[in-house]
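With the numbering used here as the guide, the letters of the sequence shown map in order to residues 2 to 351.
Note that beta-carbon positions come from the ideal geometry of N, C-alpha and C, so glycine has one too.
Data first, discussion second: the structure below is written as structure tokens.
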Amino acid sequence: KEELVPAMGCTEPISLAYAAAQARETLGLMPQRVTLCVSPNIIKNVKSVIVPHTGSLRGIEAAAAAGIVAGDASRKLEVLSSVTSEQIRDIAAYLAQTPISVTPSDSGFIFDIQVRVEAEEHTALVRIERDQEGLLSKPYSPEEAPQHTDHKGLNVEDIVQFADSVQIADIAPILDRQIRCNKAIAEEGLRGDWGASIGRVLLHAYGCDVHNLAKAMAAAGSDARMSGCELPVVINSGSGNQGLTASLPVIVYAEHLGATAEQLYRALVVSNLITIHLKTGIGCLSAYCGATSAGCGAGAGITYLYGGKAREIAHTIVNAVAINSGMICDGAKASCAAKIASAVEAGLLG
């Protein structure tokens with residue numbers, strides 16, 4: 002429930018747009034100057050990706066401008082979901098005429114976004130403050146951070162036991178949303194001319210057998226998402242690409258095998274929780290490609306569909322990690338779809 006939440010657009014630019022929308026709301030005026038101070042992982046994952054509902058604008062400045070001009074901060078990671086065509090034109094005009102500076106944060110935090118906006122005699126900094134009066138100005142400390150489930154307690158044996166025994170009514174609403182949203186954007190990725198069209202290339206080059214279709218569907222979802230598609234994705238570990246990778250191959254194999262809805266739900270529990278388990282030690286933002294972990298999760302979920310239990314799933318993970326571990330993240334962009342295809346292949350081979 003904590004991790005599988007909907008988001009529209011690549012998570013890092015949307016996080017930046019969300020912070021910028023909050024800053025504008027706090028200021029109470031349209032900012033005339035914007036200063037962004039963000040951690041290196043945010044720079045890496047925002048600089049090249051297209052921001053949805055902007056007319057194909059990309060990058061850090063575009064994400065901030067979109068949040069300021071048209072963002073609804075109450076929608077959080079769907080902050081740009083209700084942008085109008087008129088607002089898209091306003092975003093481009095605002096970006097062209099407003100000074101927006103970007104500097105790397107030296108705070109040491111892996112995830113750090115600071116947005117300072119100024120207009121007339123007023124300033125606001127998302128922490129949040131207005132006119133240097135702290136509205137929410139407590140410094141970050143791990144002790145006072147929002148408390149979430151301790152993912153470090155996860156292990157393969159317990160994940161499989163949970164998948165075997167969980168009440169379907171407790172998980173169906175979460176997983177139904179994941180199935181619906183992630184299939185929809187993957188199908189759009191195959192239909193449209195998105196990104197590098199990795200999903201369509203795979204099908205054209207290697208055919209439509211289940212092994213290749215599992216890779217192509219996951220890649221196609223990323224094709225669309227990284228290129229500004231305005232459909233939501235249910236994310237995993239803070240990442241839409243990981244949510245797509247952990248779910249779509251399992252869905253494809255479940256359909257191929259004629260699995261029941263219950264069998265699919267339980268296999269998705271395995272794939273999602275294995276992905277979270279592997280990502281816990283790496284962190285939500287890192288120099289490693291998160292698709293590697295999600296590909297392992299997909300392989301684990303497919304193993305479960307074939308009747309595998311903790312032993313077989315553990316060995317699938319070991320094999321998959323041995324193939325693709327160390328794949329570097331060079332930032333969110335169209336090539337993510339190819340990395341996803343590689344990660345799913347590793348999971349299936351594993």
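Residue burial classification, residue i (beta-carbon count within 10 angstroms, cutoff 16)
i, result
"residue 346", "buried"
"residue 1", "Nothing can be reported for residue 1: it is not among the residues displayed for the chain, which extend from 2 to 351."
"residue 255", "buried"
"residue 339", "buried"
"residue 167", "exposed"
"residue 43", "buried"
"residue 31", "exposed"
"residue 201", "buried"
"residue 280", "buried"
"residue 230", "buried"
"residue 165", "exposed"
"residue 261", "exposed"
"residue 98", "exposed"
"residue 136", "Here the model assigns residue 136 a pLDDT of 48, short of 50, so the residue's position is not dependable, and the following value carries that caveat. Result: exposed."
"residue 138", "Because residue 138 sits at a pLDDT of 48, beneath the cut-off of 50, its placement in the model cannot be relied upon, and the following sentence gives the value as read from the coordinates. It counts as exposed."
"residue 109", "exposed"
"residue 233", "buried"
Among the options, the one whose alpha carbon lies nearest that of residue i
i, options, result
"residue 50", "323, 62 and 19", "62"
"residue 185", "4, 9, 2 and 3", "9"
"residue 127", "90, 53, 35 and 78", "35"
"residue 159", "39, 278, 6 and 321", "278"
"residue 191", "214, 210, 266 and 179", "214"
"residue 301", "288, 284, 22 and 270", "270"
"residue 161", "66, 259, 100 and 274", "274"
"residue 150", "313, 105 and 4", "4"
"residue 73", "24, 237 and 218", "24"
"residue 311", "172, 249, 163 and 208", "163"
"residue 119", "40, 87, 97 and 33", "33"
"residue 39", "104, 11, 96 and 13", "104"
"residue 79", "290, 326, 203 and 19", "19"
"residue 351", "313, 328 and 329", "313"
"residue 294", "52, 93 and 329", "329"
"residue 198", "177, 176, 225 and 304", "225"
"residue 93", "205, 123 and 58", "58"
"residue 122", "115, 29 and 174", "29"
"residue 263", "87, 177 and 53", "177"
"residue 70", "41, 205 and 21", "21"
DSSP bridge partner residues for residue i (one or two, in chain order)
i, result
"residue 124", "119"
"residue 250", "None, per the DSSP bridge assignment."
"residue 51", "59"
"residue 76", "Paired residues: none, contrary to the question."
"residue 381", "For residue 381 there is no data in the structure shown, the boundaries of the chain being 2 and 351."
"residue 114", "39"
"residue 102", "36"
"residue 8", "234"
"residue 329", "289"
Chain C contact for residue i (CB, 8 Å cutoff)
i, result
"residue 6", "Note that chain C does not occur in the displayed structure, where there is just one protein chain."
8 Å contact criterion, which residue i and residue j should meet: CB distance rounded
i, j, result
"residue 297", "residue 318", "5 Å"
"residue 246", "residue 344", "6 Å"
"residue 65", "residue 101", "6 Å"
"residue 268", "residue 251", "5 Å"
"residue 332", "residue 48", "6 Å"
"residue 111", "residue 286", "5 Å"
"residue 183", "residue 154", "Wrong, their Cβ atoms sit about 27 Å apart, outside the cutoff."
"residue 227", "residue 335", "5 Å"
"residue 187", "residue 249", "6 Å"
"residue 242", "residue 291", "7 Å"
"residue 240", "residue 12", "6 Å"
Continuous alpha helix (DSSP H) assignments of at least 4 residues falling wholly in the region 171-238: 199-207 and 211-227
Ignoring anything shorter than 4 residues, give me the alpha helix (DSSP H) runs that lie fully in the region 240-295, in order along the chain. 241-258 and 262-283
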